[in-house]
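Student:
Protein chains: 2
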Amino acid sequence: MNRRVVFPRPLQYLMAIVEHGSYTKAAEALHVSQPSLSQQIKQLEESVMAPLLVRSGRSVRLTDAGEIYLHHTRRAYGELDAGTRAIEDVKNLSRGSLRLGWTPITDFLTCDLLGTFSMQHPGITLSTLEMPADDIDNAVMEDRIDIGIAFSKAGTKDLNGKDVVRTRLFEETLCLAVGNSHARAGQKERISAAELGKESMVMLNPNFALRTQVDEYCHQHGVMPKIAIETDSLSVIIEMVQFGPLATILPLSIIKTQCGIHPIVPAPAIPSKEIQLIYRSSGYKSPACRAFTDLATEWAINRMVNKPRRKLRPCPLASPEG
Amino acid sequence: MNRRVVFPRPLQYLMAIVEHGSYTKAAEALHVSQPSLSQQIKQLEESVMAPLLVRSGRSVRLTDAGEIYLHHTRRAYGELDAGTRAIEDVKNLSRGSLRLGWTPITDFLTCDLLGTFSMQHPGITLSTLEMPADDIDNAVMEDRIDIGIAFSKAGTKDLNGKDVVRTRLFEETLCLAVGNSHARAGQKERISAAELGKESMVMLNPNFALRTQVDEYCHQHGVMPKIAIETDSLSVIIEMVQFGPLATILPLSIIKTQCGIHPIVPAPAIPSKEIQLIYRSSGYKSPACRAFTDLATEWAINRMVNKPRRKLRPCPLASPEG
DNA sequence: TCAAACTCATAGGTTTTCGTTATAGATCGC
DNA sequence: GCGATCTATAACGAAAACCTATGAGTTTGA
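Residue numbers (our numbering), protein chains in the order written: chain E, 1 to 322; chain X, 1001 to 1322.
1) Would you identify the three-state DSSP class for E:H219, choosing helix, strand or coil?
2) How would you list, in chain order, the residues of chain X whose beta-carbon sits under 7 Å from the beta-carbon of E:E79?
3) Distance, Cα to Cα, X:W1102 vs X:A1150?
4) In this structure, does DSSP put E:K198 in helix, strand or coil?
5) Buried or exposed for X:M1119, please, with buried defined as at least 16 other CB atoms from any protein chain shown within 10 angstroms of its CB.
6) Measuring straight from C-alpha to C-alpha, what distance separates E:H121 and E:L93?
7) From E:A228 to E:T297, what does the alpha carbon distance come to, in whole angstroms?
8) Could you check the C-alpha separation between X:K1091 and E:Y69 for me, to the nearest Å?
9) From the DSSP secondary-structure annotation, give me the bridge partner or partners of E:C175.
10) Name, please, each residue of chain X whose Cβ falls closer than 9 Å to the Cβ of E:T63.
11) Whose Cβ in chain E lies nearer than 7 Å to the Cβ of X:S1097?
12) Decide if E:A194 is buried, meaning its Cβ has at least 16 other Cβ atoms within 10 Å, or exposed.
13) Residue ranges of each beta strand (DSSP E) run of no fewer than 3 residues wholly in the region 226 to 276 of chain E, ordered along the chain?
14) Shorter than 7 Å from the beta carbon of X:A1050 to some beta carbon of chain E?
15) DSSP three-state label for X:T1063, please.
16) Which stretch, first to last residue, makes up the alpha helix (DSSP H) that contains E:V140?
17) Rounded to a whole number of angstroms, what is the C-alpha to C-alpha distance between X:A1016 and X:Y1023?
18) Can you give the Cα-Cα distance for X:I1087 and E:Y13, rounded to whole angstroms?
19) Considering only their Cβ atoms, is the gap separating E:S200 from E:L328 smaller than 7 Å?
20) Kindly indicate which three-state DSSP category E:G83 falls into: helix, strand or coil?
21) Would you say X:I1261 and X:A1185 are within 7 Å of each other, going by their C-beta atoms?
22) Beta strand (DSSP E) containing X:S1036: first to last residue?
23) Which bits of chain X does E:A193 rub up against, with CB to CB less than 7 Å?
24) Could you round the C-beta distance between X:I1249 and X:L1174 to whole angstroms and report it? I think they count as a contact, below 8 Å.
25) Would you kindly check if the distance between the Cβ of E:L204 and the Cβ of E:L210 is under 7 Å?
26) Would you identify the three-state DSSP class for X:F1007, choosing helix, strand or coil?
27) Exposed or buried, what is E:F243 when buried is set at 16 or more other beta-carbons lying within 10 Å of its beta-carbon?
28) Buried or exposed: where does X:P1035 fall if 16 or more other Cβ atoms within 10 Å of its Cβ makes it buried?
29) Show which residues of chain E have a CB atom less than 9 Å away from the CB atom of X:A1086.
30) State the start and end residues of the unbroken beta strand (DSSP E) segment that holds X:S1097.
31) Could you give the distance in angstroms between the alpha-carbon of X:Q1039 and the alpha-carbon of X:L1011?
32) Let me see if you follow: with CB-CB separation under 7 Å, is X:G1179 close to chain E or not?
33) To the nearest whole angstrom, what separates the beta carbons of X:S1152 and X:K1285, a pair I think is in contact under 8 Å?
34) Taking its Cβ as the centre, do 16 or more other Cβ atoms sit within 10 Å of E:M224, making it buried, or is it exposed?
35) Run through the DSSP bridge pairs and tell me what E:G324 is partnered with.
36) Using 10 angstroms around the beta-carbon of X:G1222, count the other beta-carbons present and answer buried if the total reaches 16, otherwise exposed.
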């Protein structure tokens, strides 16, 4: 009889009495006085409006009703016992869930992190939501997601007193990317802002942080980018660049992991952007959430070290590797 | 939230808070003050050593652990709720069990009663134990069976102060029984004790009440019965009589229900014996037990009225009929 | 058969738990 | 920022659970 399980005393007593076949023995086992059992059982019988135990001199036995009621009692006890053990599982990270929000860019950059986490904690159910960068802060605040992964927001209201906190994971430098058949394929030299303005580009929609970043860069250097195609799909961009004459601007590490596209570093570098973890600063953080933030920072450090990485087809949640 | 169900208050509160999404609303619904909920939930969280609810200003939400624990809580609640409803079933006789003890003779006389009961209360699980007449009283006292059906015991210690009571169901007259091929087949006249002593008989073992009864009768009339075969099986006896030259002595109603055997009434009648219901006088009687005794007395009365009955092969628990 | 031992039930007093009121701290909407 | 709303805390009172002492009924063993 586990004291740690929340369970009605009368029912614990009932089980113990049947188990020991005697009020007295059960009382000893439970470290309570025997009259306590008498009283509690009496009240229980009144509450269910039926006798549960027959006290016939030598032995205590179950009535018909008692037999059936005890069966349900035991099942209920097992259920609550399982409940407390399940809580342990949550604490151990052998159970739980984690809702992750990220953008169409950051998923490419961190899906490996997700794979690592999933492998380390196979019991945690991960669910990811792709969403615009602007939504992520709200989603965190409104508790639609536990953790967000996004680019740092451009200066505007960096920490507006809300209870979300953003921590740096790593930085990404932005490069021009061209395919194998592109005229600049294999170019080692850096490319100037002016030259960059001459390339036909496939780019993300202007509501992406990455796009506004590029637009600002071009504006600062007095060039007007030639946007051939706009899309909200990173896969589309990569596909177009891989097999066509169009260029694009993407984080360097994404370019490196994709087959058939090559980076060309711009001469005045495009200001690098921070990839950040976004989560509630105050309030409850589930064990899974805490574990994820811990793993993420650790992973970001290792990422700097093991820079060379295998080329991958775009595939969030792909097979994990260091 | 049913007050009649035995269930831990903290868990009832937890369910209500989640249901209403607020401590205050749950407190109103439960007709308790709001601080009660705060305290109980706090204690519950301490007892399971994990936060279950996140109070984040506007809304109250479940934590990861709370989600899982609530699931188990609801199941446990349902289990105990089902338990109290199951007790109602027992009282309604739509569930329950009844253990019946009888002898190899009385089962033939009352299996129709059993069939009737089973049909009236299909939810009651009947289990029958065939046992020597002498065991039945002990079995009732030791609560191995709920009800016994046996012949009245010959005078000896009729009611020896124990808490078993015997009530009369009906009486049986004992007759000589012969098969179709027997010399006396079809005899209408009564048979004297002396003539009876000349018949070769197949009889029950001497430890059966019926047998001792016959032995006494013979002794009183100064005849020595010719026992050709002794057995403890009534079926064997009937089989032997049906298809052989042997006779036997059996209750009249058994003879009447068997094909191919015929009764011959002895001239000084063998003292008739009472078939009795045996059960505990004091202590708990299950609803099923009570219902059975009620039905049995009613059935015994009707039995006297509808005397003619169909011929049956020996078959306890055969298809019921009036 | 009787007494000792054992069982559960009951009564009265004590401790613990639970519930309530009052109030403080925090958050949300205006 | 201020009022409204919600939860947490504190202190007190009510209810319950528990314990000791004792009684009634049974069983055991001499």
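Ideal Cβ placement from N, Cα and C applies to all residues, glycine included.
Since we're looking at a predicted model, the values are computed, not measured.
Tutor: So, from the data block:
1) Correct three-state label for E:H219: helix.
2) Those within 7 Å of E:E79 in chain X are H1072, R1075, A1076 and E1079.
3) For X:W1102 and X:A1150, the distance between alpha carbons rounds to 6 Å.
4) Residue state, collapsed to three classes: coil.
5) The residue is exposed, with fewer than 16 neighbouring Cβ atoms inside 10 Å.
6) Roughly 6 Å between the two C-alpha positions.
7) The alpha-carbon separation between E:A228 and E:T297 amounts to approximately 38 Å.
8) Those two C-alpha atoms are separated by around 13 Å.
9) Residue pairing by DSSP places E:C175 opposite E:L250 in a beta bridge.
10) Neighbours of E:T63 on chain X, chain order: V1090, Y1284 and S1286.
11) For the C-beta of X:S1097, the chain E residues within less than 7 Å are, from N- to C-terminus, D64.
12) Result: exposed.
13) Whole beta strand (DSSP E) segments, 3+ residues: 226 to 231, 248 to 251 and 261 to 264.
14) With 7 Å as the cut-off, X:A1050 counts as an interface residue toward chain E.
15) It is coil, neither helix nor strand.
16) Where E:V140 is concerned, the enclosing alpha helix (DSSP H) stretches over A133 to M141.
17) The straight-line gap from Cα to Cα measures roughly 8 Å.
18) Their Cα atoms are separated by approximately 18 Å.
19) Residue 328 of chain E cannot be examined here, being either before or after the span of chain E that is shown, 1 to 322.
20) E:G83: helix per DSSP, three-state reduction.
21) X:I1261 is not a Cβ neighbour of X:A1185, given a cutoff of 7 Å.
22) No beta strand (DSSP E) contains X:S1036, which is instead part of the alpha helix (DSSP H) from Q1034 to V1048.
23) Within chain X, no residue has its beta carbon less than 7 Å from that of E:A193; the closest one is some 47 Å off.
24) Sure, about 5 Å apart at Cβ, within 8 Å.
25) Yes, the Cβ-Cβ distance between E:L210 and E:L204 is below 7 Å.
26) The answer is coil: DSSP assigns X:F1007 none of H, G, I, E or B.
27) It is exposed - the Cβ of E:F243 has fewer than 16 other Cβ atoms within 10 Å.
28) With a 10 Å radius around the Cβ and a threshold of 16 neighbouring Cβ atoms, X:P1035 comes out exposed.
29) Contact of X:A1086 with chain E by beta-carbon distance below 9 Å involves A65, I68, Y69, H71 and H72.
30) Where X:S1097 is concerned, the enclosing beta strand (DSSP E) stretches over G1096 to W1102.
31) Taking the straight line joining both Cα atoms gives about 12 Å.
32) Chain E, which has no Cβ nearer than 7 Å to the Cβ of X:G1179, makes this no.
33) Cβ-Cβ separation between X:S1152 and X:K1285: approximately 22 Å, too far for a contact (criterion under 8 Å).
34) Exposed is the call here.
35) Beyond the ends of chain E as shown, which are 1 and 322, falls residue 324 of chain E; an answer cannot be given.
36) Residue burial annotation: X:G1222 is exposed, with fewer than 16 other C-beta atoms found within 10 angstroms of its C-beta.
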